[in-house]
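Quick note, the sequence shown lines up with residues 0 to 105 if you use numbering that gives the first Met the number 0.
Ideal Cβ placement from N, Cα and C applies to all residues, glycine included.
First up is the structure itself, then whatever we jot down about it.
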Amino acid sequence: MAKSMFTPCRKDFYEVVIGFGVPSSPTLSNETVSTTLNVVEEKKSPKRKRWSKDVRQRAVLVGQELGLSKAIRLLQKQPDYKDLCASTLYYWIKSSDHHVASASKI
0 MAKSMFTPCR KDFYEVVIGF GVPSSPTLSN ETVSTTLNVV EEKKSPKRKR
50 WSKDVRQRAV LVGQELGLSK AIRLLQKQPD YKDLCASTLY YWIKSSDHHV
100 ASASKI
C-alpha cells in the first residue's frame, strides 16, 4: 500500500461554510455586495462560411493533386481560402469522389 502525500492541517487554518449565502465581511455591508445578475448575455452562434461552387471545385482540384495537408497550407495563404479548414476540404474531396464514382456507374 502506497503512503499518501496528504498531511492534514490544523482546524484553525480553515472554515467550513454550509449554504449558498454570500459571506459577509466586517468591511463590506450587505448594501455594497450585489447578489443579482445584471444582464445575461446571449451567446451568438458563429456565422457559417458559405463557399461558392467555383471556389470548392478549385480547392478540390488542388487537394487531389497535392494532398490534403499541402493543399490546406497553400490554399490558406489566399484570401478566398483563409477560413478553410482541413476537415472541410476533406469532406469536399470525398463527396466529389462519391459523385464521380456514382456518375461512372450510370
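Here G18 carries a coil assignment [DSSP, helix/strand/coil]. Between G62 and L88, the C-beta spacing is below 8 Å. DSSP places A1 outside both helix and strand once states are collapsed to three, so it counts as coil. Each residue's CA atom was taken as its position, placing V99 and K93 some 10 Å apart. Around the beta carbon of I71, a 10 Å sphere encloses 16 or more other beta carbons of the protein chains shown; the residue is thus reported as buried.
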